[in-house]
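Below is one structure, written out as structure tokens; comments come after it.
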Amino acid sequence: MTDEDDDLCPVECVREFKTDEELFRILETAKKTGSLVVVDFYRTSCGSCKYIEQGFSKLCKGAGNGEAGVIFLKHNVIDEYDEQSEVAERLRIKTVPLFHFYKDGILLEAFPTRDKERINAAISKYTSPASEEDDA
1 MTDEDDDLCP VECVREFKTD EELFRILETA KKTGSLVVVD FYRTSCGSCK
51 YIEQGFSKLC KGAGNGEAGV IFLKHNVIDE YDEQSEVAER LRIKTVPLFH
101 FYKDGILLEA FPTRDKERIN AAISKYTSPA SEEDDA
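Its first residue numbered 1, the sequence shown is counted upward by one per residue in UniProt numbering.
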């Protein structure tokens with residue numbers, strides 16, 4: 001990989017959300033399109049979060065090339081007042097970086113990791129045609 005690879009994914013590829021309302025709206029839209037929603041919960045002071053952020057951004061470029069796409073989101077669990085965010089409180093987020101995988105508005109899987117391949121494997125699991133047949 002070259003330094004140019006770092007620029008493959010535009011900044012807006014991973015969208016930041018701040019409120020429950022924003023998350024609910026995105027999940028509702030994703031339900032209509034059959035998209036997988038992957039959320040990276042992070043904290044700006046977290047070294048592991050910074051480590052995985054670049055890999056997560058690169059995943060957004062290559063994932064979901066089929067009919068059902070993948071929506072990549074991130075959420076800072078600490079708000080502008082240096083308090084735990086409402087979203088983090090409601091979801092009881094205690095560990096970061098933490099990744100949530102939603103489909104049809106349902107949380108399918110959640111795990112803490114700084115391993116890009118583990119995230120990619122979960123994306124593949126939930127976007128492959130076989131996973132949709134399992135639901136039928």
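Glycine included, C-beta positions come from ideal geometry on N, C-alpha and C.
Annotation: the UniProt domain "Thioredoxin" (1-128) contains the following complete segments of the beta strand (DSSP E) (minimum length 3 residues), in chain order: 14-16, 36-42, 70-76, 98-103, 106-112. Around the beta carbon of Thr29, fewer than 16 other beta carbons lie within 10 angstroms, which makes this residue exposed. Check the Cα spacing between Val87 and each of Thr19, Val14, Cys13, Asp40: the tightest is with Thr19.
Using a C-beta cut-off of 8 Å, the region 22-36 makes no contact with the region 51-62, since fewer than three inter-stretch Cβ pairs fall below that distance. For Ser85, same chain residues with a beta-carbon under 8 Å away, outside a window of 5 residues either side, are Lys18, His75, Asn76, Val77, Ile78, Asp79 in chain order. Taking C-beta atoms as the reference points, Val37 and Val70 count as a pair closer than 9 Å.
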